[in-house]
Amino acid sequence: MAESFATLTGPAAPYLEENVATNVISVQRPHSAGPYKDPGDELFFGLRFDEDGREIPDFVLNRPRYRDAKFLIAGANFGCASSREAAVTALSAFGIRCVIAPSVGDIFFNNCFKFGVLPVLLPEADVLALAEEASSGGKSGDFIADLNENSLTAPSGQTFEISLPEFRRTQLLEGLDEIALTMRSADDIAAFHRAAADERPYLYGLERP
Amino acid sequence: MAKTLFEKIWDRHVVADLGGGFALVFVDRHVVPEISCERFSELEARGLALRHPELTFGVSDHTVPALWAALENPDDRSNEFSRGMKAASLKHGFHHFDVDGPDQGISHIVAAEQGIALPGTTLACVDSHVCTVGALGGISWAFGGSEIVHVLATQTSILRKPKTMRISLEGAPAPGVTPKDLTLYTIGRVGAAGGLGCAVEFAGEAVRSMPMEGRFTLCNMAVELGASFAVIAPDATTFDYLKGRRFAPKKAGWDAAIADWRALASDPEAAFDRDVAIDVSNAAPQITWGISPQDTIPIDGVVPDPEEEPDIQKRRAMQAGLDHTGLRPRQKIEGTKIDFVFIGSCTNNRISDLREAADVLRGRRIAEGVTGWVVPGSLRIRAQAEEEGLARIFTDAGFNWGFPGCSMCGGQGNGFTERIKPGLRAVSTINRNLPGRQGPGSITHLASPPMAAAAAVAGSIADVRKLEG
Chain A
815 MAESFATLTG
825 PAAPYLEENV
835 ATNVISVQRP
845 HSAGPYKDPG
855 DELFFGLRFD
865 EDGREIPDFV
875 LNRPRYRDAK
885 FLIAGANFGC
895 ASSREAAVTA
905 LSAFGIRCVI
915 APSVGDIFFN
925 NCFKFGVLPV
935 LLPEADVLAL
945 AEEASSGGKS
955 GDFIADLNEN
965 SLTAPSGQTF
975 EISLPEFRRT
985 QLLEGLDEIA
995 LTMRSADDIA
1005 AFHRAAADER
1015 PYLYGLERP
Chain B
164 MAKTLFEKIW
174 DRHVVADLGG
184 GFALVFVDRH
194 VVPEISCERF
204 SELEARGLAL
214 RHPELTFGVS
224 DHTVPALWAA
234 LENPDDRSNE
244 FSRGMKAASL
254 KHGFHHFDVD
264 GPDQGISHIV
274 AAEQGIALPG
284 TTLACVDSHV
294 CTVGALGGIS
304 WAFGGSEIVH
314 VLATQTSILR
324 KPKTMRISLE
334 GAPAPGVTPK
344 DLTLYTIGRV
354 GAAGGLGCAV
364 EFAGEAVRSM
374 PMEGRFTLCN
384 MAVELGASFA
394 VIAPDATTFD
404 YLKGRRFAPK
414 KAGWDAAIAD
424 WRALASDPEA
434 AFDRDVAIDV
444 SNAAPQITWG
454 ISPQDTIPID
464 GVVPDPEEEP
474 DIQKRRAMQA
484 GLDHTGLRPR
494 QKIEGTKIDF
504 VFIGSCTNNR
514 ISDLREAADV
524 LRGRRIAEGV
534 TGWVVPGSLR
544 IRAQAEEEGL
554 ARIFTDAGFN
564 WGFPGCSMCG
574 GQGNGFTERI
584 KPGLRAVSTI
594 NRNLPGRQGP
604 GSITHLASPP
614 MAAAAAVAGS
624 IADVRKLEG
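Residue numbers (our numbering), protein chains in the order written: chain A, 815 to 1023; chain B, 164 to 632.
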């Protein structure tokens, strides 16, 4: 189900606001509003477009150099608040498959792996330096994420180690479906449940309707 | 080895270590809101069975209208989502607290009210405020919608073991200062990212002496600290609350449970990754001025000045907050005109919240030009409030008296029609003041139920202590 992720090459858009909530990344809107004109429009919709649907030229993703961004360089606690998976799918619909930040919301972090988006957590000073690099010069150079090599390379050539739990890395590399993966442990789960119900029977075997 | 409360429960529920700090964790109770009813179709489409229907509970909260025509008729409160959940519950054989029964309400309220959430257990729900029920001494977590299918099929979640953090609220709160005030006060000090990725245990004198419903309010907003989990050690207050509830253990099971639950408290020597103590004895009633729950000040305080903030990111965030709320640096917040008051949400719509708000409103009227809504947390709470005469106090004061649901917290009730209009300013008892939370372009100030009631009467942000005096 998930899209696999091995390497990613492209420009990075700096957006360093802290505590950006998932429902700012993907705005909740009425079903009656219908689908977005372009699926990528969902991302930061409320910040990118005014009430008449016109682009707000100042917003980072509307600037020419960041229109094809494949990386987002974000502030601390990016993707906090609601558990909205749409925050992750909105990023990938736009074409952003890697978020570089000092920290991200916990649920957002886990959601990334379900939809083939790579979260790279780096010290704040490194994130600021990368943002500086992404916004200096005439045009954006390419950032490169290589999950096979666990490396993130900035246009300057400076490299950073991508540190992910092995199981999450495998999940991205193979585009693994978590349900299928866990179903392989069905016997272990059943055994666990039996033992737990033996030990604390009062918690399990509840009445059904 | 000495363990914290969280670690004791976590260790009990690990089915498998997945490496890299991740574990496959057993879910004792799974609560599914009606807005996610399609996940059962996904389960079926994959040819998978609901693994534990007896541990699965459906609720109707996100899309249920709170105020709409002919609401007395349950059919009028139902919609495609509740009907979808009802169909799934009949097909798979699990409980659904639907709009046509006596127990409908908001997931976290119902989970506590029905004794579904218990000390020492794990509870999962797609709703990020599920941390609420950690107040009972169990661990609860939220996740993205697709993970619902994972839990339905496997009764487990893949979780990263969090760091542990203790926040001790010390001292006795002043009169007129509610658990909501202490909650906002705490977030103001710890910060919206202060508990990021942590399992937070709330402890200290002010928590031990806090009634159960106040503890729910405190834990409800742990996610606004960035925390992944919130817990409070179960004690006599917890046990008194749970005894006799429908799905709580009974008879010999209850005695065995109590014996087990008493031993869950963090060991005295247990180490936390972070340990924070906050003196709450000087906390005043709180009100938010910006667009993050951490943007909180005492009601008699002034709006902070971004110019005084040395950190550029923080300064910009503060400015964005002021731009949205239309307040000026250093102005007094008291007296700011408002248009709307919303008393509701899983943060503050339990019976004690309604009593506190009604105490302020008794014999008073809502100010001209202000619209007020009271939306109780469950049909049980609603019935009790009517029995106690609270509903009458609200309606006499000019408030609308609604039916339970998320309603204007999220602005998503009844096909998104229940929301505050653009440009209108509200004092609300909800948990998030981020832009658009109660409707695009609306402005939300977070406060306690008595503070919201006081604002309704004054027609402006007001100090409830002055009103009462």
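All residues carry an ideal CB built from backbone N, CA and C; glycine is no exception.
A contact between stretches requires three or more CB pairs, one per stretch, nearer than 8 Å, and the region 974-990 of chain A meets this requirement with the region 929-936 of chain A. Per DSSP, the unbroken beta strand (DSSP E) holding Y829/A starts and ends at A826 to Y829.
Taking a cut-off of 8 Å on C-beta distances, the region 532-550 of chain B touches the region 618-630 of chain B, as three or more cross pairs fall below it. By a beta-carbon distance limit of 8 Å, V941/A contacts I887/A. Their separation comes to about 6 Å. Within the DSSP bridge table, the entry for C361/B names K326/B as partners. Within 10 angstroms of the beta-carbon of R378/B lie 16 or more other beta-carbons, which makes it buried. In this chain, the beta strand (DSSP E) harbouring V188/B covers F185 to F189.
Shown here, H225/B sits in coil according to DSSP, grouped into three states, outside any helix or strand. Comparing C-alpha distances from G484/B to each of N596/B, I279/B and R555/B shows the shortest one belongs to N596/B. Close to chain B, meaning a Cβ-Cβ distance shorter than 8 Å, are the following residues of the region 980-1006 of chain A: E980, F981, R982, E992, I993, T996, M997, S999, A1000, D1002, I1003 and F1006. At a cut-off of 7 Å between C-beta atoms, K928/A counts as an interface residue with respect to chain B. Using a CB distance cut-off of 7 Å, E975/A does not count as an interface residue toward chain B. Interface with chain B (7 Å Cβ-Cβ cutoff): N876/A is excluded. Here DSSP, grouped into helix, strand and coil, assigns R493/B to coil. Under the three-pair Cβ rule at 8 Å, the region 263-279 of chain B counts as touching the region 405-420 of chain B. Within the region 876-903 of chain A, the residues whose Cβ lies closer than 8 Å to some Cβ of chain B are G889, A890, N891, C894, A895, S896, S897, R898, E899 and V902, listed in chain order. Rounded to the nearest angstrom, the gap between the Cα atoms of N563/B and R518/B is 16 Å. For R202/B, the number of other beta carbons within 10 angstroms of its own is at least 16, and it is reported as buried. Under DSSP, Q449/B forms a beta bridge with P461/B.
Segment contact: the region 193-212 of chain B against the region 340-347 of chain B, fewer than three CB-CB distances shorter than 8 Å; contact not assigned.
At a C-beta separation below 8 Å, G182/B has these neighbours in chain A: P979, E980 and F981. The three-state secondary structure of L609/B, taken from DSSP, is strand. Annotation for E938/A: no beta strand (DSSP E) segment contains it, though the alpha helix (DSSP H) segment containing it runs E938 to S949. Chain-order list of chain B residues neighbouring Y829/A: empty, with the shortest C-beta distance near 11 Å, by a criterion of under 8 Å. Checking the DSSP bridge columns, you'll see W424/B has no partner listed.
In the DSSP assignment, I272/B falls within the alpha helix (DSSP H) that extends over S270 to E276.
At a cut-off of 7 Å between beta carbons, Q476/B contacts chain A. DSSP, reduced to helix, strand and coil, places V874/A within a helical segment of the structure shown.
With the rule of 3 Cβ pairs closer than 8 Å, the region 281-290 of chain B does not count as touching the region 372-391 of chain B. Considered as a whole, the region 246-325 of chain B harbours 270-276 and 310-317 as its complete alpha helix (DSSP H) runs of no fewer than 4 residues, in chain order. Of the residues K166/B, A393/B, S245/B and A212/B, the one whose Cα lies closest to the Cα of C200/B is S245/B. With at least 16 other beta carbons inside 10 angstroms of its own, L857/A counts as buried. Apart from sequence neighbours up to five positions away, the residues of its chain that approach L587/B with a beta-carbon distance below 6 Å are D502, F503 and S605, ordered along the chain.
Non-local beta-carbon contacts of S818/A in its own chain, meaning distances under 8 Å to residues more than five positions away in sequence, involve G930, L986, L987, E988 and G989 in chain order.
Boundaries of the alpha helix (DSSP H) harbouring A480/B: I475 to T488, taken from the DSSP string. Close to chain B, meaning a Cβ-Cβ distance shorter than 7 Å, are the following residues of the region 921-946 of chain A: I921, N924, N925 and K928.
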